[in-house]
Every structure is written in structure tokens, then in C-alpha cells.
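Enquirer:
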């Protein structure tokens, strides 16, 4: 079995848009003018901006060539830890493109958008059922905004109790967004070290939790791929001091149908629909970050909320304790449609199977890799497993070199140098949609790279060789930033 | 078998053996009983692809799309024709199913496309640098105000009441918990905000004005910029319809320090309000305080041009609680659509399309006025304007809406003092006959 | 990253544990970061410095230094008023790597509490702490 998945095909160089354009071309068919011209007041008129001019052929070739420089889930295994790069079903694209969804104006009178409102209400119910929480808002435009919504709910809740708080507990394995979101509400993040087993220990939380602390932010399973087994006890400790528990649902893919977040004691949870619910990542977005809460926090959810009365759906602003609005309109509806379609396609049984296979795949890689790479914690994992470059460093090879060499084998690298608690981390999340033979190829590639690291380390240090570009100079990019193309010649 | 799950029973068995576990459920032994669900999930489905299509078609059929051209709504989301070439290139699955371009050697397509987007956005908005995009226009405004607070160290901002009310509410959500004071500037009978009302420029971090504003009117942006700068404050120019800058002067050319707004107009379907595109541009001198991702040009080991994410020390994953923002998404695919759309139009096409939009709206404005439905404000407008209907029009409006004709947006919902004021939008998708039909239908 | 034994710590400078150095020049303290600090950071891409004229207490952050993937705060080894900043660093941050004790200096400070000088570390003591 040849683990080298990458082959050299004919890939094209492609200039920048404005280098390709020629004045006088156009890629758009302007509608026929059927109304007379109205002169523009001279004081207001301006030269139009320097936008390049391309024919439709130029435009299509330009972007198709650029697209060929990307590796994506549709081309290769993309085991980026904590990002859950699973397959994005094609039928979901069809659903989101239906004219009734894609071409619906957000301010349509409610009578003209009952289908969209029903979809929103239905998806809220599905996510409540999946998480075990009571109420859901679909408004946040991404995971980080869902997280911000969660912190705003903490803030509003404590203020309502008459005692605003100043601190928040954040484990050392947390995503960087956690402290950044908390800071936006004026909270000071207090780090909590995870224990020797890679998970939080109740004693550590008990030592830090006090009545100045708004609560704790927990990612479960955590970024080491481990289930926070003491989470229920930790929640009791936090609640006893009047605090709240925030769940970062970024890694929900591991526990679908198994864990009841409400029962655990999680008060607020955000989900990343682009992770667990198979909506495409789009090269960085758009995503969607619904926020789910317990009954007592429901009054604080963003507005407006969809309500159902006498067989019809309405927007309601009648929630005086709400944290307010996070997006101009109702959230990333186009993303919600895809997630809704995914859940209906799967049903409860297949969603449970998703978690089973995601965890099986991660453990299969964990067992397959530990002969060559140093595991951060050598015990069963959930959806992802974390290794380090500890065994390769003596050969002068780092995690970055391993990641770049994987490209030559035709795999997207795992997440590197995260979580921060593991020096030189390689965080690997295969997801459930990779087959055994693909995992075997990945293991073979990783084994071959480990051998190269011992015998020909320069192969790694000079990697990648098969990509369109070799390693890029990030130091130069940061020292002398060039963030836009040159202005066109006058 | 579920078609997204590739494991055969034999493969699952072999993998379990490799892991040393005899049953799939044993993989979850680490989850203590007190964390487990007490009952299985109850969900509809699974639906076959065919069943799903029928179900979704049924829901979508109960929504009126603008393609019927009888919806005259703007107010932050604009109906524009999207060329098939633009739709096609943004559906390329190499763009759609890639992640954030953290590994530049495998992501040059996304990176170059974003670099091009940043460049075209900076040119369109008349500023030196644009980020890789944000969630939407409203959150972009909130982030702009927070950036002004960081740059000036002042903890108050002034916001025109003619800034889109939903944008102002999002700004409130972001600013209030941080203890940043919001001062409102009222609009006048012209439909615009009077720069003379800005008396406290020495105390505020920024003044935010939207142009065209929520009534469709062009604001005196240059005068605001001048007054803000006299007091050491920043001028933040919001917008919801960037196509206007194909015809009218850009915010940057009028002196704005930050231009931020919604880019949905540029090749992105309205999708019931999202995903949109938060466009954000600023001066190069302020780039270190700018939120959001940035792509920069560099070269590879062999000296060939290439692109990388850069200046990332501003961002949450490195600076954590000291980051410029908690944002770690850009609406990348929407940014790609906007750049492709702009390039599809080109300089001349953009000018022509913008002119046509204004002309359609002016035609509608004149036609309505001839029926006694006069414009509410004298200030110049782009492709939407506010008209005052005769008292009691509301009932008629609802009846027309039931029949799929939406005669604008009733501004009373946002401004109780503006009863009978409707915000009407006409773009290139409305043919003259559609406009005539509206004029005829609303005849008093 | 180099072992401590290969790094240089000139004898005529004084050091603090947060990895800044101080050189006294006719009553004015020149301040920068040590060879160890620049080596740990890697390629420096940006240095943020205060405006001249600013008065800062010992231990207060006076700026920050950034590499591609990390950012570190800079701390005042002494209380005093900033009289000059190294303008060359804004266009050539690489000077911090190339010459941490020379052209890569950061600020010059007029000390307001000369007694604080007593608390600074000699080169040998600083080197010792790095090993510990």
C-alpha cells in the first residue's frame, strides 16, 4: 500500500484579479434600461473605484484555478483537531439554495415567511432535544459569537441577581476564544490547571471558585480529546457559590445521544453547526453558533425569538431581560437550513452512530500512532487524540516539519501547537466520515514520516515539495505587511 | 447503511480489535453514569434524500422570494441579480469545504482570493486596508466602535439615530456590558443628521454615521469627519448598501477613518438575513488595533509570490483576553462571492448598475409623488427612500402583503414617531412594469 | 533555541528576571531585552514602545514585542520617565534579534528612584537564574 496520496497534476499559475483584467471587458450582462436617467447632483458624484474588468471566461478560469490550489474535505482527509472536518453532504446545498430560502428577505411580513419561521422553530427544538437543554437561540453567527452570547447571559444573570461578578474560571486547555469572549464582558479570566490525567479536578475548581466568580467555561470533551469526568461535581461546586457553568460545545461530535448537558449541570452551551452538524466551513466561514440554555436562563436569550400561537409563527421581542441582538437579522439562516437538513437525514440512530464512529476512528489512530509518536495521554480518547514531537525533536525535527511533510503525502496536517499545555502538540481528529482504508493510509504516511525523521530529517525540514508553493515567509509578511495589492497606475 | 458513514461491519470489528475493545459502546465507558442521558434522543427522520427534498420544498414554498419582484424591501438586505458565473465559482467545493487557511501551502486558493477581496474592498470603501471580513454589517459596526475606544482610550461614542436601528441594537449588546457610553444624535427634517449636533467630539472615541442612512438618505459624511477630527475622535462610516459607492463618493474619500457595513448586496443571496458579509476597512496606521483576520503577501523559499494569514498576534488564539476581538471566523465564502461579483461587474459595470439602481428608485419616487405619496425627506437617496403614505394605509399594506406585494417597510416599527412612513427599495431586479404595478396598487 | 551557555550576557549590564537589561549612561538608563529573550521569541516582527515623556513605575508594562506566533509584554526594570525611544525598531524590528544589546535597544529612561538600581541582577546572577 502506497501511503503517498498526492500526485503532481497539471496545476496552473494564476495572476491576481487586476493583473488578469483588461479595461473594456465585462463579465456581467446589464439589464436593459427601461427608465430614464436621473442626473446625479454634481457635489455627490465621484469617480467609480478601480475595480478590475474581466470577461466571464476570465473570471471563471481565475477562480477555478485558485480553487485547485486548495485542499478541502472534498479532496482529501483533513484531520484538523477540534475543527471536525467531516464530509459536507451535497443535498444540504440544494436545500439552502431553494428560492424560498435563499431569496427570502429578512423583513418579510410574517405571513409571507411562515416556512422559514417554522424551520427556525423546529431546529431550535431539535437542538434542545440533542443537548438536553431547554431553550435555544439560533442568532449567533459563529461559535465565538455563541460564546459571547453565553458570557453576556452570565453577565445579565448576575446583574439580575443584584451582584455583578468580576472573574471567570477558564481551564488551561481552553480555546483562545474563551478568555477573549469573557474579556468582552469585563471578566478577568482565572486559569485553572488541568490535573495529571489531563482533566479538571474538582479540588482545583473548589480552591478558586468564590462569590466574585461568575462561573466556569468548560470544553467537554476537552481539547486533549478527554471526557471531563468530574464535570457534574465541578458544576455542583460552581453552583453552590452562585456561579454558572458554560459548556463550549465545539466537541459535541463525540457525545451525541450519550450526554445530557442539563443533567450534568451545564447552564449555557454553544454549538458549532459547522462542526457537529456538517455545514461547510467555507475556507473560514460563515458558520453558526446557536446558544442553548436551561429554563431559568431562557429569559436572557437574544431577541427576537420565534413564538408559535394559534398555528402561526411570529417574531417576539417581548423578553425584557434579553441580552439584546447579536446580528442585524436572525442569524445565518442559510447555515441553519443545512444543519436542519443534516439532522433530518440522520435521525437519532445515525447521529448516535456518528459519535460511535468518530470515537472509534480517533482511538484507531491513537493506537496506530503511539508506536512512532509520543502521546500526550496514553489512554482511551474521545473524538480526537493528541501527540507531540518529543520523539522526533532529538533528530532536529519539529511538529511543524511533520505537518509540512504530511502535505507531500496528500493529507491536510492536523492542528499543530494546540492545546498549549502540550509542547509541540499534534491534535488529530479524523471524524466519522473517514473510512478504515483512509485511516490506514494516514497511519502508513505517519509511519513513513517517523522513519524519515530518523533517517533523512532534511526531507521533513524541506517539506512540502509537492504543493503549489514551498514554505512561505511568515516573518517577512508580518514585518513588512502587504495587505492589499498595489494601487493601479494612474 | 447511512451514506455518509463508510464503515462496513467487518471494518468496524477489525478496528475494535485493534483498539482492544469488544464493543463500540465500551468506547464511552469514561462517561460517568451521572452525565448520561436517561432516555434516547427523540428526533424525526432519518429521511431519504427524496423525502428530505419533499419536506424542504414544502417549507420553502411557504416563503415568498423576491424573485417574484413584487417585494420592495431593502432596509439592510437588498435584492440584486447574481450572475451564474459568480454563483458557480463560489460553489466550487475546494472553496466550500476547506477550513480556515492555517496551512498556507495547501490553501493558496482561499488566501489569494481573500487578498483580492481585501484589495477590492479597500478600493471600494476608499481606505488603505480591509480585513478578511466579519459576521455582518451590524457586528462590524460594533467592532469598529470598540476599535475606536482602544485607539483613543475614550469610553463614550456618539451614534446617529439614522444608523440602522438593528445595527445600533447590536452595538448596544457589545458596548453596554463593557461600560462604554452611547450617546445618540437625532436626525433632522432633512432625513439626515446635522453635524452641528456633534458638540462633544473631545470626549468621544468616535462618531458613527451611516450613509446612505436607514431612510436611504446620504449623510454629510465629510462634515462629520472634520468635526470628529477636530476633537481627536474617529469618524466611523457605516453602510448597508455598498453598491452606492459605485456612484457616490466612498466613505474613505470623505474622511472616514473606519468604514464598516454589510456586503450582502455584492453577490450574496439575502437568505432570510444571513449569512451576510461584514465589510471592514480602516487606515493603515490603525491596522494593529483592527479586529479580524488579515491575509498578507509574501514569498516562498524559492522566491515565488504567495499569501499567508498575518498579524495574527492581534487575534484571540494568541493574545487571548487581550485580543482585539474574540472573532475567529471570517465569512470567507461570502467575501469570495463579493470579490467575484465586483470583478464580474468591473469598474464600468459597477457604475452602470449603481446608476440603474438609483434611476429605478427615482422613477418610483416620482411615480408615487404623482399619486400624492410624497417622499418624506428632501435629502438625496440611492436605491431606497422613505415615502409618506396617507393615514390608514397600514390596512391596505397588510392586504397587499397577503397577496405577495410588499410595499416597503413600515418605519413605524423602529421609529414610533414616523407613522405612515414606509421605506421603499427598487433595484435592477424590478422592471418598469413592476414599479408601475406598485404605483397603481397604492393609489390612494 | 540555543542553550544558555551559548548566549551572551555582557558584564557591564544589569538584568531583571523578566528578561530586560539596563545600561547606565551618565545618569540615563538604556533598556532592551536580553539575548535569551530574543532567542526564545524567535524572529521579532513588531515592537510596540511608549511615547517619550511618559512616566512609568518599576514593573509596569512599557510596550510589547511580537514574533509571528507570540507576543510578550515589556516591563520597566526601573521607575522613571521615558526620554527617548528607538525609532529604528518601527521599520527594522529585526535589530532586536541581530543586536539585542546594541542597535536593538528599546527605550532610554531617566530614573526617578536610583535606589532601585541596587535590586538589579549582575550578569552572572541572571545567567544562574536562567539555568535554575
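Protein chains in written order, with my numbering: chain X, 1 to 490; chain P, 491 to 934; chain D, 935 to 1066.
Ideal placement from N, C-alpha and C gives every residue a C-beta, glycine not left out.
May I ask you to report which of helix, strand or coil DSSP gives residue 490 of chain X?
Expert: Caution is warranted here: a pLDDT of 45 is assigned to residue 490 of chain X, below 50, making its placement in the model unreliable, and the coordinate value is therefore given only provisionally. Reduced to three states, the DSSP call for residue 490 of chain X is coil.
Enquirer: Can you give me the C-alpha to C-alpha distance between residue 94 of chain X and residue 337 of chain X, rounded to a whole angstrom?
Expert: Cα to Cα, the separation comes out at about 10 Å.
Enquirer: Would you list the one or two residues that DSSP bridges to residue 217 of chain X?
Expert: X:246
Enquirer: May I have the straight-line CA-CA distance separating residue 828 of chain P from residue 755 of chain P, to the nearest angstrom?
Expert: Rounded to the nearest whole angstrom, the C-alpha separation of residue 828 of chain P and residue 755 of chain P is 8 Å.
Enquirer: Which whole-angstrom value is the C-beta distance of residue 677 of chain P and residue 898 of chain P, which I expect to be below 8 Å?
Expert: Going by Cβ atoms, the distance from residue 677 of chain P to residue 898 of chain P rounds to 18 Å, so no, they are not a contact pair.
Enquirer: What first and last residue would you give for the beta strand (DSSP E) that runs through residue 167 of chain X?
Expert: 167–171
Enquirer: Report yes if the CB atom of residue 714 of chain P is closer than 9 Å to the CB atom of residue 679 of chain P, and no otherwise.
Expert: no
Enquirer: By the criterion of Cβ-Cβ separation under 8 Å, what are the contact partners of residue 985 of chain D in chain B?
Expert: Absent from the structure is chain B; the protein chains it does hold are X, P and D.
Enquirer: Chain X beta carbons: is any one of them nearer than 9 Å to that of residue 1028 of chain D?
Expert: yes
Enquirer: What is the rounded straight-line gap between the Cα of residue 350 of chain X and the Cα of residue 119 of chain X?
Expert: 21 Å
Enquirer: By how many angstroms is the C-alpha of residue 171 of chain X removed from the C-alpha of residue 213 of chain X?
Expert: 14 Å
Enquirer: If you pair each beta-carbon of the region 111–127 of chain X with each one of the region 244–252 of chain X, do three or more pairs fall below 8 Å?
Expert: no
Enquirer: Can you find at least 3 beta carbon pairs, one from the region 726–743 of chain P and one from the region 305–317 of chain X, that sit closer than 8 Å?
Expert: Because the criterion of three Cβ pairs below 8 Å is not met, the region 726–743 of chain P and the region 305–317 of chain X do not touch.
Enquirer: Under 9 Å, Cβ to Cβ, is there at least one residue of chain D near residue 479 of chain X?
Expert: yes
Enquirer: Straight-line CA distance for residue 342 of chain X to residue 825 of chain P?
Expert: 25 Å
Enquirer: Output yes if chain D places a C-beta closer than 9 Å to the C-beta of residue 576 of chain P; else output no.
Expert: no
Enquirer: Pick helix, strand or coil for residue 314 of chain X, following the three-state DSSP scheme.
Expert: strand
Enquirer: Taking only beta-carbon positions, decide if residue 954 of chain D is within less than 9 Å of chain X.
Expert: no
Enquirer: In this structure, what does DSSP give as the bridge partners for residue 911 of chain P?
Expert: P:878
Enquirer: Using the Cβ count rule (16 or more neighbours within 10 Å means buried), how would you classify residue 844 of chain P?
Expert: buried
Enquirer: Give the straight-line distance between the Cα atoms of residue 787 of chain P and residue 599 of chain P, rounded to the nearest whole angstrom.
Expert: Near 13 Å, if we compare the C-alpha coordinates of residue 599 of chain P and residue 787 of chain P.
Enquirer: Between residue 429 of chain X and chain D, is there a C-beta pair that is closer than 9 Å?
Expert: no
Enquirer: Under a CB-based cut-off of 9 Å, is residue 773 of chain P close to chain X?
Expert: no
Enquirer: Quick one: which chain D residues come within Cβ less than 7 Å of residue 475 of chain X?
Expert: 977, 979 and 1002
Enquirer: For residue 918 of chain P, which of P:794, P:565 and P:572 has the nearest alpha-carbon?
Expert: If we check each option's Cα against that of residue 918 of chain P, P:572 comes out closest.
Enquirer: Which residues bound the beta strand (DSSP E) around residue 752 of chain P?
Expert: 748–752
Enquirer: Does residue 282 of chain X pass the burial test, meaning 16 or more other C-beta atoms within 10 Å, or should it be called exposed?
Expert: Buried, because 16 or more other Cβ atoms sit within 10 Å of the Cβ of residue 282 of chain X.
Enquirer: Which of the residues in the region 607–632 of chain P, read from start to end, lie with their CB under 8 Å from any CB of chain D?
Expert: none
Enquirer: If you draw a straight line from the alpha carbon of residue 20 of chain X to that of residue 54 of chain X, how long is it in whole angstroms?
Expert: 7 Å
Enquirer: Can you find a CB in chain X that lies within less than 9 Å of the CB of residue 818 of chain P?
Expert: yes
Enquirer: Under 9 Å between C-beta atoms, does residue 684 of chain P make it to chain X?
Expert: no
Enquirer: Give me, in chain order, the residues of the same chain whose beta-carbon lies closer than 7 Å to that of residue 1032 of chain D; leave out the 5 immediate sequence neighbours on both sides.
Expert: 1038
Enquirer: Under 9 Å, Cβ to Cβ, is there at least one residue of chain P near residue 356 of chain X?
Expert: yes
Enquirer: Whole angstroms are fine: how far does the CA of residue 475 of chain X sit from the CA of residue 979 of chain D?
Expert: Separation of residue 979 of chain D and residue 475 of chain X (C-alpha to C-alpha, rounded to the nearest whole angstrom) is 6 Å.
Enquirer: Mind checking which residues open and close the beta strand (DSSP E) that includes residue 1006 of chain D?
Expert: 1005–1009
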